[in-house]
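Enquirer: Numbering (the numbering used here), first residue to last: 1 to 190.
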């Protein structure tokens, strides 16, 4: 009987320790989900800067909220150290922006919900906005392995997209002609 009484506290202690370990793992997973978008892109080779060339047929916005040459604050975190950065607008265009999921053409893990590619960066996209679930071929090189990849449209947003210059909030090298930030991802700089 004495042996049974001694075993009970040990078993209870082991159970309590197991619950603590599982609880810690659960919290870590929740944190990972919250920061997934930033981490997915920060681990990949993203061409932050570009030549500034735009796809054929892309229409310059006639009266954008943020004029070329003005400054705005980036409120999105597509990449590490982007959110909160002060941006200079270098181009404003009216188009449809798409969030896509794709497997890089050079191999690697599937990229989920990449923001953004625009209608003019999709091969044979036609005139109409594409619906979620549509399969497309990407004709853009924002990230290594993106050009030529088959992608699925996650969602579309008809908007003004902006090409911007910004200095990352971590003090990294200035990014020139970054493609793309949507109008809803910017706020007025004070």
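Beta carbons are placed, not taken as given, at the ideal position from N, Cα and C, and that holds for glycine.
When the Cα of residue 120 is compared with those of 58, 157 and 185, which residue comes out closest?
Expert: For the residues 58, 157 and 185, the minimum Cα distance to residue 120 belongs to 58.
Enquirer: Please report the distance separating the alpha-carbon of residue 54 from that of residue 116.
Expert: Distance between the alpha carbons of residue 54 and residue 116 is about 14 Å.
Enquirer: Check whether the Cβ atoms of residue 100 and residue 162 sit closer than 8 Å, and answer yes or no.
Expert: Cβ atoms of residue 100 and residue 162: not closer than 8 Å.
Enquirer: Could you compute how far the alpha carbon of residue 157 sits from the alpha carbon of residue 97?
Expert: For residue 157 and residue 97, the distance between alpha carbons rounds to 5 Å.
Enquirer: Exposed or buried, what is residue 155 when buried is set at 16 or more other beta-carbons lying within 10 Å of its beta-carbon?
Expert: Looking at its Cβ environment, which holds fewer than 16 other Cβ atoms inside 10 Å, residue 155 is exposed.
Enquirer: Could you tell me whether any non-hydrogen atom of the ligand NAD is closer than 7 Å to the CB of residue 123?
Expert: Annotation note on the ligand NAD: not contained in the displayed structure, which lists no ligands.
Enquirer: CA-CA distance, residue 63 and residue 128?
Expert: Residue 63 and residue 128: Cα-Cα distance of roughly 22 Å.
Enquirer: Quick one, are the C-beta atoms of residue 136 and residue 153 less than 8 Å apart?
Expert: Yes; because the gap between Cβ atoms is below 8 Å, this pair is in contact.
Enquirer: Would residue 87 be called buried (16 or more neighbouring beta carbons within 10 Å of its own) or exposed?
Expert: Under this definition residue 87 is a buried residue.
Enquirer: Roughly how many angstroms separate the alpha carbons of residue 95 and residue 183, rounded to a whole number?
Expert: Cα to Cα, the separation comes out at about 11 Å.
Enquirer: Starting from the C-beta of residue 51, find all residues in its chain whose C-beta is less than 8 Å away, skip the five residues before and the five after it, and write them out in chain order.
Expert: Correct list, in chain order: 177.
Enquirer: Just tell me which of 168, 179 and 138 has its CA closest to the CA of residue 105.
Expert: Of the listed residues, the one whose Cα sits closest to residue 105 is 138.
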